[in-house]
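Right, one structure below, let's go through it.
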Amino acid sequence: MKLSGAVDFNAPAVEYARTDFPLLEADASVEKALEAIRREGIGERVIYFYAVDERKRLVGVVPTRRLLTASPSTRLRELMVPRVIALPAEATVLEACEFFVLYKLLAFPVLDAERHVIGVVDS
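Anchor point for the sequence shown: position 58 equals 58 in the working numbering, and the numbering is continuous, going up by one each time.
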């Protein structure tokens, strides 16, 4: 989350979220996921890969190391961590900063009420 100049800490964090990130299908194989990443690109910066279900709802995070070292036939669902710490769409910049301090992660997905990923804020 790039903050430069005067920052309104009460502003919505989603205003600072990136939208250039791949979403991977949780039931896809590693081979298919890597094909999708190559085809769609990874945007400016990728820290974590997020797995979604058939309705595009967030169901897990796939650590990059696991993705790159797994067998091509392995399903992402077998690699992913199902407990994802995420920011709600209405979170403020201040709340996002608190998440970085509290959870010590490098990025957080921003979710709407139906758990669709609408952005990613990173450090």
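Ideal Cβ placement from N, Cα and C applies to all residues, glycine included. Small disclaimer: the values here were computed from a predicted structure and weren't measured.
Counting of Cβ neighbours within 10 angstroms places F21 among the buried residues, the total reaching 16 or more. Taking all protein chains shown into account, P109 has 16 or more neighbouring C-beta atoms within 10 Å of its C-beta and is therefore buried. Excluding the 5 residues flanking it on each side, S29 has same chain C-beta neighbours closer than 8 Å at P72, S73, T74, R75, L76, in chain order. Assigned with DSSP and collapsed to three states, V30 falls in helix.
Pairing A107 with F99, the inter-Cα distance amounts to about 9 Å.
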